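Here's the structure we're looking at; comments come further down.
2 protein chains.
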Amino acid sequence: MARAGLSAERVVAAGAELADEVGFEGVTPSELARRFDVKVASLYAHVKGAQDLKTRIALLALEEMADRVAEAVAGRSGRDALVAFGDAYRDYALAHPGRFAAARFRLDPETAAASAGVRHAQMLRALLRGYHLDEPYQTHAVRLLGSVFAGFVGLEGAGGFDHSDPEPRQSWTEILGALDALLRSWPTPSERQK
Amino acid sequence: MARAGLSAERVVAAGAELADEVGFEGVTPSELARRFDVKVASLYAHVKGAQDLKTRIALLALEEMADRVAEAVAGRSGRDALVAFGDAYRDYALAHPGRFAAARFRLDPETAAASAGVRHAQMLRALLRGYHLDEPYQTHAVRLLGSVFAGFVGLEGAGGFDHSDPEPRQSWTEILGALDALLRSWPTPSERQK
DNA sequence: TACGCTTCCTAAAGACATTAGGCAAATTCC
DNA sequence: GGAATTTGCCTAATGTCTTTAGGAAGCGTA
Numbered sequence: 001m002a003r004a005g006l007s008a009e010r011v012v013a014a015g016a017e018l019a020d021e022v023g024f025e026g027v028t029p030s031e032l033a034r035r036f037d038v039k040v041a042s043l044y045a046h047v048k049g050a051q052d053l054k055t056r057i058a059l060l061a062l063e064e065m066a067d068r069v070a071e072a073v074a075g076r077s078g079r080d081a082l083v084a085f086g087d088a089y090r091d092y093a094l095a096h097p098g099r100f101a102a103a104r105f106r107l108d109p110e111t112a113a114a115s116a117g118v119r120h121a122q123m124l125r126a127l128l129r130g131y132h133l134d135e136p137y138q139t140h141a142v143r144l145l146g147s148v149f150a151g152f153v154g155l156e157g158a159g160g161f162d163h164s165d166p167e168p169r170q171s172w173t174e175i176l177g178a179l180d181a182l183l184r185s186w187p188t189p190s191e192r193q194k
Numbered sequence: 001m002a003r004a005g006l007s008a009e010r011v012v013a014a015g016a017e018l019a020d021e022v023g024f025e026g027v028t029p030s031e032l033a034r035r036f037d038v039k040v041a042s043l044y045a046h047v048k049g050a051q052d053l054k055t056r057i058a059l060l061a062l063e064e065m066a067d068r069v070a071e072a073v074a075g076r077s078g079r080d081a082l083v084a085f086g087d088a089y090r091d092y093a094l095a096h097p098g099r100f101a102a103a104r105f106r107l108d109p110e111t112a113a114a115s116a117g118v119r120h121a122q123m124l125r126a127l128l129r130g131y132h133l134d135e136p137y138q139t140h141a142v143r144l145l146g147s148v149f150a151g152f153v154g155l156e157g158a159g160g161f162d163h164s165d166p167e168p169r170q171s172w173t174e175i176l177g178a179l180d181a182l183l184r185s186w187p188t189p190s191e192r193q194k
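Chains as they are written, first to last, in full-length UniProt numbering: chain L, 1 to 194; chain G, 1 to 194.
As structure tokens, then:
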């Protein structure tokens, strides 16, 4: 009885590949076992179950995204950093739609707190240092950027921009530029006086 | 053999209720049949299958959201309309998380084209008339607003804002205000000269 | 009242997730 | 190098879900 040479890492990595091919919801222990040419039950030696598998893929995706973003923004600041951050995020999602969907998988609070998700937030805050925002505007800005990134990329990936004309890429560039301007003037002078 | 009095409408409505209770992915023909105290196969007289059921719930949610937004923005313009739009959208998602998730269910292109999803885009464009943007900035703006709305509400609903301090509501208000300012100065004077 | 349409049923097949228990391959230790 | 142990993969079985086929009973209508 030859062994397939599985391991938790290989199973999760294959799950991530599978997600990119067929969508995150198509990632099932059964399909994965088929790809490894192994019986389903065998996977349970490496992964606790379907939930665990999805969670691990989500964690992997969060790590990978955080790594790419970190590399992209390294040595940049201000608008350059904003664009680098956004592009790294979006490029990852376009290249790995299933992993990106996985990264949006709901994790329980403890798992989320120990995930690379916190690095994402930290990097956003680091990016915003270049804009000299005081609290609570810094938090508002983190949420705004997170919302725009997740929202735009999610809609683009879901085909939400398929039936109107300019390339999504153009809107993306303009939006990043506008966000840069917005952050520079936030809070507005009139609000600063309060 | 007493009849349960089902119909496609009742099944879909119950499916929407169920989605809000247990999440959209928890909506299954089996669970629905249990709630109606009916055998699973009976549902197939009203709905083609699980996919059809989910699609119909998605369409219902899109309709409901569009109706609420339409009522909220009626008679308003500019910043008032923007805030009304955003609040109606967000309030709906908070009150009906399962339906909101359903509205983000991927529909095939023809179904999407015939759905209330197009009303959403039309209403955004109508809203933006108050900001006098020329193409392609109007499209960029539609995409920006769509991204912020979907992104913020999605993250909030997923608990993404649970571990930092200001209430999401505050960030939301500030973000809407900032978007209003952004749209007013978009494109920037320097870009207008090009 | 008898007809037909619709609603709901039983029955059955196929896919997936999960657990229990067994055997063989790899690893470790002498 | 061989024995002991750990580990990887298997068979078997159970329960859940989806879907289809075909039958019987309620409901409206002629």
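Virtual Cβ for every residue (Gly too), placed ideally from N, Cα, C.
This structure is a prediction, so every number in the text was calculated from the model and none was measured.
Among the residues of its own chain, which have a CB less than 7 Å from the CB of L:Pro-187, if the five just before and after it don't count?
Apart from sequence neighbours up to five positions away, the residues of its chain that approach L:Pro-187 with a beta-carbon distance below 7 Å are Tyr-137, ordered along the chain.
Sub-8 Å separation of L:Thr-139 and G:Ser-171 beta-carbons:
Yes, these two residues count as a Cβ contact at 8 Å.
Secondary structure, alpha helix (DSSP H): runs of 4+ residues fully inside the stretch 114-151 of chain G
117-129
Same chain only: Cβ atoms within 8 Å of L:Arg-35, ignoring 5 sequence neighbours per side
Ala-14 and Leu-18
Closer than 8 Å at the beta carbon, the chain G residues around L:Glu-31
Those do not exist, as L:Glu-31 stays about 18 Å from chain G at its closest Cβ, beyond 8 Å.
L:Phe-85 versus chain G: which residues are under 9 Å apart at the beta carbon?
Here the premise fails: no neighbours, minimum Cβ distance about 15 Å.
For G:Pro-97, does the three-state DSSP call read helix, strand or coil?
helix
Taking Cβ positions only, does L:Ser-115 come closer than 8 Å to chain G?
no
Partners in chain G for L:Glu-21, counting only beta-carbon separations shorter than 8 Å:
Within 8 Å Cβ-Cβ: nothing; L:Glu-21 doesn't reach chain G, min ~16 Å.
Between G:Phe-161 and the rest of its own chain, which residues show a CB-CB distance below 7 Å, the 5 nearest in sequence each way excluded?
Leu-155 and Pro-168
Per-residue contacts from G:Thr-139 into chain L (C-beta, under 8 Å):
Ser-164, Asp-165, Pro-166 and Ser-171
Residues of chain L with a CB under 7 Å from the CB of G:Leu-182: which are they?
Chain L residues near G:Leu-182: Ala-178 and Leu-182.
G:Ile-57 vs G:Val-12 beta-carbon contact at 8 Å:
Cβ atoms of G:Ile-57 and G:Val-12: closer than 8 Å.
Please state if the CB of L:Asp-180 and the CB of L:Arg-99 are separated by a distance shorter than 8 Å.
no
L:Arg-119 CB to nearest chain G CB: under 8 Å?
no
Once DSSP output is grouped into helix, strand and coil, what is the label at G:Leu-59?
helix
Count the other CB atoms, across all protein chains shown, that sit within 10 Å of the CB of L:Pro-109; report buried if there are 16 or more and exposed otherwise.
exposed
By a C-beta neighbour count over all protein chains shown, 10 Å radius and 16 as the cutoff for buried, is G:Glu-25 buried or exposed?
exposed
Output the distance between the C-alpha atoms of L:Leu-53 and G:Ala-72, rounded to the nearest integer angstrom.
For L:Leu-53 and G:Ala-72, the distance between alpha carbons rounds to 43 Å.
Cα separation between L:Lys-39 and G:Arg-68?
For L:Lys-39 and G:Arg-68, the distance between alpha carbons rounds to 50 Å.
Please determine, among L:Leu-127, L:Glu-9 and L:Ala-95, the residue with the shortest C-alpha to C-alpha distance to L:Gly-78.
L:Leu-127
Residue from L:Phe-105, L:Arg-106, L:Arg-143 and L:Leu-107 with nearest C-alpha to L:Gln-122
L:Arg-143
Considering G:Trp-172, what are the terminal residues of the alpha helix (DSSP H) in which it resides?
168-184
Rounded to a whole number of angstroms, what is the C-alpha to C-alpha distance between L:Val-47 and L:Ala-8?
6 Å
For a contact meaning CB atoms closer than 9 Å, what does L:Val-148 contact in chain G?
Leu-144, Ser-147, Val-148, Gly-151 and Phe-152
Under 7 Å: does the beta carbon of L:Ala-14 sit that close to some heavy atom of the ligand ADP?
No copy of the ligand ADP appears in this structure; indeed no ligand is present at all.
With 8 Å as the threshold, decide whether the Cβ of L:Phe-24 is near any Cβ in chain G.
no
Indicate the three-state DSSP secondary structure (helix, strand or coil) for L:Gly-157 in the structure shown.
Three-state DSSP puts L:Gly-157 in a helix.
Looking at the structure shown, is L:Thr-111 part of a helix, part of a strand, or coil, going by DSSP?
Helix.
Euclidean distance between Cα positions of G:Pro-29 and L:Glu-135
48 Å
I'd like to know whether the C-beta atoms of L:Arg-106 and G:Ala-158 end up nearer to each other than 8 Å.
yes
Return no unless some Cβ of chain G is closer than 8 Å to the Cβ of L:Phe-36.
no
Between the CA atoms of G:Ala-50 and G:Leu-133 - distance to the nearest angstrom
43 Å
Between the alpha carbons of G:Ala-101 and G:Ala-16, how many angstroms are there, rounded?
10 Å
Limits of the alpha helix (DSSP H) - the one that G:Glu-21 falls within
8-22
How would you label G:Arg-90, buried or exposed, when you count the other beta carbons within 10 angstroms and need 16 or more for buried?
With 16 or more other Cβ atoms within 10 Å, it is buried.
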